[in-house]
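Okay, so the sequence shown: first residue is -14 according to the numbering used here, each after it adds one. Cβ coordinates follow ideal geometry from the N, Cα and C atoms, glycine included. Notes to accompany the following structure.
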Amino acid sequence: MMNRRDFLSNSVKGTAGLFAISVLPLGLVACSNEKKNIDKSSMANLGPLSELEKGEFPKRVPYNVTIKDAWTEQKMDGFVYINKNKEDNSLLIMSPICTHLGCIAGDAEAEMKNTGIQFYCPCHGGQYDEFGINVGGPPPRPLDTFESYVQEGNVYISVLSPIKREKS
């Protein structure tokens, strides 16, 4: 006959053991070094990484993508600006959408480029440098960026999920 103290002790040990066994697989998955495949169905393919890293920066890179949402499909054409990050030399992929009122910021004219302005929004005079940092006009913050995913040598971005940057 088991007394109450032994019963409670064995019950606690058994419960702790079951908990440990059930949490172990989650821990192993979280610590896994395997690369995950991304769902590219709503992502724009910007092309091979090796090609994007060539040439002069910043550069304009066009894309076209078909966004699938439940039963609808939407074709989108657009472009992004790409430059190299100062810190780690990785690709900085920027949205051309002005952060003031959503117009498209295009390439600045030659005399503006001489003063350090790379992108210019003609709607209200928004000015951005080569890294998309707002340097003049009404834009309240830098151009948004996109997280890039490299799979099978190609660079993908989620065009519907830009990352908001704050002025540093």
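Whole-angstrom distance between residue j and residue i, CA atom to CA atom
| i | j | result |
| --- | --- | --- |
| T130 | G122 | 20 Å |
| F4 | L(-7) | 16 Å |
| V120 | Q103 | 10 Å |
| E137 | E38 | 16 Å |
| F116 | V135 | 21 Å |
| Q112 | S133 | 25 Å |
Same chain, Cβ closer than 8 Å to residue i, neighbours up to 5 away in sequence not counted
| i | result |
| --- | --- |
| G2 | none |
| S35 | G138 |
Test item: CB-CB of residue i and residue j under 8 Å
| i | j | result |
| --- | --- | --- |
| L77 | I89 | no |
| T84 | P125 | yes |
| S158 | L128 | With the chain represented from -14 up to 153, any question about residue 158 goes unanswered, as that position is not in the structure. |
| V140 | G40 | no |
Where residue i falls: helix, strand or coil (DSSP)
| i | result |
| --- | --- |
| S146 | coil |
| N70 | coil |
| N99 | coil |
| R(-11) | helix |
| T130 | strand |
Burial state of residue i, where buried means 16 or more other Cβ atoms lie within 10 Å
| i | result |
| --- | --- |
| I6 | exposed |
Cutoff 6 Å; reference residue i; Cβ partners in own chain excluding five residues on either side
| i | result |
| --- | --- |
| T51 | E58, K60 |
| V47 | The sequence given here places Pro at residue 47; Val does not occur at that position. Here the set comprises F64. |
| G(-1) | none |
Beta-carbon contacts of residue i that lie in its chain and below 7 Å, excluding the five residues immediately before and after
| i | result |
| --- | --- |
| S27 | I52, K53, S143, L145 |
| A93 | I102, Q103, F104, Y105 |
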